[in-house]
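Heads up, the thing below is written out as structure tokens.
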Amino acid sequence: MLKIKGLHVYYGLIEGLKGVDFHIEEHEIVTLIGSNGAGKTSTLGAIVNSVKTKGEVEFFGANISKLPTHKIIQRGIALVPEGRKVFINLTIEENLRMGAYNNDENFERMRDRMYELFPRLKERCAQLAGTMSGGEQQMLAIARALMGEPKLLMLDEPSLGLAPKIVGELFDTITRLRSEGITILLVEQNAFAALKVADRAYVLENGKVVLSDAASNLLHNAEIKKRYLGG
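Residue 48 in the UniProt record's numbering sits at position 48 of the sequence shown, and the numbers go up by one each step.
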């Protein structure tokens, strides 16, 4: 589905990614783990061409690395950014409509699906997004991304700043989305939670992939436990 080949990312003279290779198959959850500054968010930005890059990004066999970001999104890739970035002065329903700008003819069907997936959004559909809790805003950010019916959903630090109970609900939702046929690329500081739901994982250090394996294997890898799982 998605193949990354020799990916480099540049911020001026600083090289954020240094020749990253990885792939994602349909209906997988793949997670990128690593410390702050390892290159996880840069990888997501490179896939949607929002940062300066060199290398190839293939999506269903087509090289999309030179396409503008909006064209990449139209092909079926959606990104939920770190910090949620909901439109705080718009209502929940208005945020969902913004997410359906490429899929307006299916707005009502997808809105109803999002309200089924996230019942709390339906209860508060006329509420301004800026008055919602962090967990509710994260639900909205994911729902907004799904309004375009993407084939690949990329999540950047979705559990950041959320209460443990909400984090559990969030990862249950991620698992449910995969069961409904959505492929997910997950960037997550909570490596334990990410590895619990993922099929495969890549470990990034200093802009390079240093290890890849089945997520279940990495959960029991002594070095991964020591570095990222608290022992």
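Note that the Cβ used here is the ideal one computed from N, Cα and C, for glycine as well.
Residues near residue i in its chain [Cβ-Cβ closer than 6 Å; skip 5 each side]
i	result
Val80	Ala141, Ile142, Ala145, Leu155
Ser65	Glu56, Val57
Buried or exposed (CB count within 10 angstroms, at least 16 for buried), residue i
i	result
Gly168	exposed
Pro68	exposed
Pro150	buried
Ile33	buried
Asn89	exposed
Ile72	buried
Val9	buried
Pro119	exposed
residue 236	Because the chain here runs from 1 to 231, residue 236 falls outside it and cannot be looked at.
Beta-bridge partners of residue i, as assigned by DSSP
i	result
Ser212	Tyr202
Asn63	Glu58
Nearest-angstrom beta carbon gap, residue j and residue i [assumed within contact, 8 Å]
i	j	result
Arg178	Ile29	5 Å
Met147	Leu96	5 Å
Phe87	Ala129	6 Å
Gly135	Ile166	4 Å
Sequence-distant residues of its chain with Cβ nearer than 7 Å to residue i (five each side left out)
i	result
Lys3	His23, Glu58
Cut-off 8 Å between Cβ atoms - residues of its own chain near residue i, not counting five sequence neighbours on either side
i	result
Lys226	none
Lys52	Val9, Tyr10, Tyr11
Leu7	Leu17, Gly19, Val20, Asp21, Thr43, Ala46, Thr53, Lys54, Gly55, Glu56, Val57
Ala100	Asn106, Phe107, Met110, Arg111, Met147, Gly148
Residue i versus residue j - alpha carbon distance
i	j	result
Ile92	Ala222	44 Å
Leu185	Ala215	13 Å
Gly207	Val197	24 Å
Ala38	Glu26	25 Å
Leu162	Phe60	34 Å
Gln189	Arg75	28 Å
Glu205	Asn102	36 Å
Leu218	Leu170	22 Å
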